[in-house]
Amino acid sequence: MARVILLNKPFGVLSQFTGEPGQHTLKPLVPVPGVYPAGRLDADSEGLLVLTDNGALQARLSHPRHKQDKTYVAQVEGCVTEYALHQLRAGVLLKDGPTLPARVRTLPELAWLWARDPPVRFRRAIPTAWIEITLREGRNRQVRRMTAAVGLPTLRLIRIRVGPWELGDLAPGCWRDAPATGMLNR
4 MARVILLNKP FGVLSQFTGE PGQHTLKPLV PVPGVYPAGR LDADSEGLLV
54 LTDNGALQAR LSHPRHKQDK TYVAQVEGCV TEYALHQLRA GVLLKDGPTL
104 PARVRTLPEL AWLWARDPPV RFRRAIPTAW IEITLREGRN RQVRRMTAAV
154 GLPTLRLIRI RVGPWELGDL APGCWRDAPA TGMLNR
């Protein structure tokens with residue numbers, strides 16, 4: 004049976020177990036031998052990272068052809084307009100081609116959100132807002148590039164769901180085991 008670990012990856016941590024001196028990695032956070040990340044989160048992104056000891060499951064979660072849903076909440080700079088939401092829902096043209104349509108909605112302030120260290124740098128004269136965005140592909144820095152393309156630069160990005168797994172109330176830097184939930188049979 005595949006082992007699945009859900010980690011709330013903190014800001015500034017690489018999605019790998021090794022790194023250069025001074026880089027923060029997964030090694031001190033997940034002292035479990037034989038598990039590897041199924042997909043990546045950039046060092047400046049936070050939230051749900053799925054790790055597994057099963058290569059087939061890792062491929063199913065991370066390879067673009069499998070198009071697993073990944074849901075993020077993003078704090079963006081500026082006022083979210085219906086036009087910007089429409090563009091994200093229709094797909095955005097990026098330098099590496101058009102994106103698939105995304106599911107996106109605005110959110111109220113997030114009461115459950117933890118403080119980030121270091122905190123996001125705000126500019127008083129520019130408003131911010133929160134959106135939830137679900138993608139079925141996983142290009143490099145895709146959410147950040149999509150929001151920037153519609154005039155809403157991302158200030159903070161937190162992944163809250165990958166396929167059937169949710170971040171829930173998992174604190175930053177903490178992990179828990181999760182069921183493989185039939186992902187290998189799909």
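For the sequence shown, the residue numbers in our numbering are 4 to 189.
Even for Gly, the Cβ is constructed at its ideal location relative to N, Cα and C.
query, result
"Threonine 137 versus arginine 92 - alpha carbon distance", "10 Å"
"Reduced DSSP category for glutamate 49 - H, G, I as helix; E, B as strand; rest coil", "strand"
"Closest Cα partner of glutamate 49 within the set Thr131, Thr184 and Leu173", "Leu173"
"Among Leu160, Thr131 and Trp168, the one whose alpha carbon lies nearest that of glycine 81", "Thr131"
"At least three beta-carbon pairs within less than 8 Å, the region 31 to 50 to the region 142 to 162", "yes"
"Chain-order list of residues whose beta-carbon lies under 6 Å from that of alanine 183 (same chain, five-residue window excluded)", "Ala5 and Val7"
"Buried or exposed (CB count within 10 angstroms, at least 16 for buried), arginine 126", "exposed"
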